[in-house]
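In the numbering used here, the protein residues as written are 135 to 368. Just so it is clear, CB atoms sit at the ideal spot from N, CA and C, and this is done for glycine as well. Here the structure is a predicted model, which means the values were calculated and not measured.
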């Protein structure tokens, strides 16, 4: 016999799938739903957490729980991504800081070295889609107030001769900050990519931390093998 929270989640899920609650619509308040299902508020929230983890419902702090619109999937492809149509909208915030934590080791710089952080948040319509924190040595950082596209182009101009891009991919639960920024449940796994780019002079020019929610992203890596004769295998 299903638990009370699973029974509530099943009922709400069915109402969403049949259109009783439509995409973008706000659900009744948690207090109203708790009364409707004759359960405590913690039990009701536990049921909603199941739907949030499935990507059916999103909780907007201070506003309520909403039926999530269908999500477009994004494929992370070896240092870049596919271009959804229509494209995702991006915002960027630039902050100057000093190297701390893991940054000195990743960027191969002394602690407290001057860096610039570029915080990218992409949106699918009004909903946040993914986020990335990019760290570059201050002397390589774009200057002036630039759009996200201009910033990316400026970064490419500043270090065009890359020799290596190392990427470490993992799966984990989001931090509370990431959960709030992306409006996802803390129980929804995310793809976490740590990317380090080195130029031909051996200087690390960028370290990036990219967070992709698991309900809307996957990653594709292709390895081309060669035969003994040095020709690619089919």
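Note to self: Comparing C-alpha positions only, which one of 209, 151, 175 and 228 sits nearest to residue 189?
What the structure shows: It is 151 whose Cα lies nearest to the Cα of residue 189.
Next item on the list: Note down, in chain order, each residue of its chain lying with its Cβ closer than 7 Å to the Cβ of residue 215, except the 5 sequence neighbours on either side.
Entry: Model confidence at residue 215 stands at a pLDDT of 47, short of 50, so the residue's coordinates are unreliable; what they give is reported in the following sentence. The answer, listed in chain order, is 208 and 209.
Next item on the list: Report yes or no: is there a C-beta of chain B within less than 7 Å of the C-beta of residue 253?
Entry: The structure shown contains no chain B, having only a single protein chain.
Check: How big is the Cα-Cα spacing for residue 229 and residue 250?
Finding: Within the model, the alpha-carbon separation for residue 229 versus residue 250 is close to 6 Å.
Notebook entry, point to check: Who does residue 306 pair with in a DSSP beta bridge?
Noted result: Paired residue(s): 324.
Margin query: Measuring straight from C-alpha to C-alpha, what distance separates residue 180 and residue 187?
Written below: Cα atoms of residue 180 and residue 187: separation of roughly 11 Å, rounded to the nearest angstrom.
Notebook entry, point to check: Quick one: what does DSSP say residue 317 is sitting in, helix, strand or coil?
Noted result: DSSP places residue 317 in coil when its eight states are reduced to three.
Next item on the list: Can you say whether residue 268 is buried or exposed, counting buried as having 16 or more other CB atoms within 10 angstroms of its CB?
Entry: By the 10 Å Cβ count, residue 268 comes out buried.
Note to self: What does the alpha-carbon distance come out to for the pair residue 159 and residue 185?
What the structure shows: Spanning the two alpha carbons is a distance of roughly 15 Å.
Check: With 16 other CB atoms within 10 Å as the buried threshold, where does residue 355 fall?
Finding: Exposed is the label assigned to residue 355, since fewer than 16 other Cβ atoms lie within 10 Å of its Cβ.
Item checked: Where residue 340 falls: helix, strand or coil (DSSP) -> DSSP places residue 340 in the strand class (E or B) of the three-state scheme.
Check: Helix, strand or coil: which one does DSSP assign to residue 215?
Finding: At residue 215, the pLDDT of 47 sits below 50, so the modelled position is not reliable and the matter cannot be decided from this model.
Checklist line | Residue from 173, 178, 137 and 202 with nearest C-alpha to residue 155 | finding: The residue from 173, 178, 137 and 202 with its alpha-carbon nearest to that of residue 155 is 202.
Check: Can you name the residues that DSSP bridges to residue 223?
Finding: DSSP lists 257 as the beta-bridge partner residues of residue 223.
Checklist line | First and last residue of the uninterrupted alpha helix (DSSP H) at residue 164 | finding: 164–170 is the extent of the alpha helix (DSSP H) around residue 164.
Checklist line | Same chain only: Cβ atoms within 8 Å of residue 175, ignoring 5 sequence neighbours per side | finding: Cβ neighbours of residue 175 beyond the five flanking positions: 164, 165 and 168.
Note to self: Here's a check: name, in chain order, each residue in its chain whose Cβ is nearer than 6 Å to the Cβ of residue 357, leaving out the five neighbours to either side.
What the structure shows: Counting only Cβ-Cβ distances below 6 Å, and skipping sequence neighbours, we find nothing.
Notebook entry, point to check: Based on Cα-Cα distance, which residue from 346, 353 and 146 lies nearest to residue 258?
Noted result: The closest CA to that of residue 258, considering only 346, 353 and 146, is found on 346.
Item checked: Best match in 204, 232 and 264 for proximity to residue 325 [C-alpha to C-alpha] -> Ranking 204, 232 and 264 by Cα distance to residue 325 puts 264 first.
Notebook entry, point to check: The beta strand (DSSP E) spanning residue 354 covers which residue range?
Noted result: From DSSP, the beta strand (DSSP E) with residue 354 extends over 351–354.
Next item on the list: Determine the extent of the beta strand (DSSP E) in which residue 198 is found, giving its start and end residues.
Entry: Looking at the DSSP string, the run of the beta strand (DSSP E) that includes residue 198 is 198–201.
Note to self: Excluding the 5 residues flanking residue 334 on each side, which residues of the same chain have their C-beta closer than 8 Å to its C-beta?
What the structure shows: Within the same chain, residue 334 has close Cβ partners 295, 296 and 297.
Next item on the list: Between the Cα of residue 240 and those of 329, 273, 144 and 348, spot the shortest distance and give me the residue it belongs to.
Entry: The residue from 329, 273, 144 and 348 with its alpha-carbon nearest to that of residue 240 is 329.
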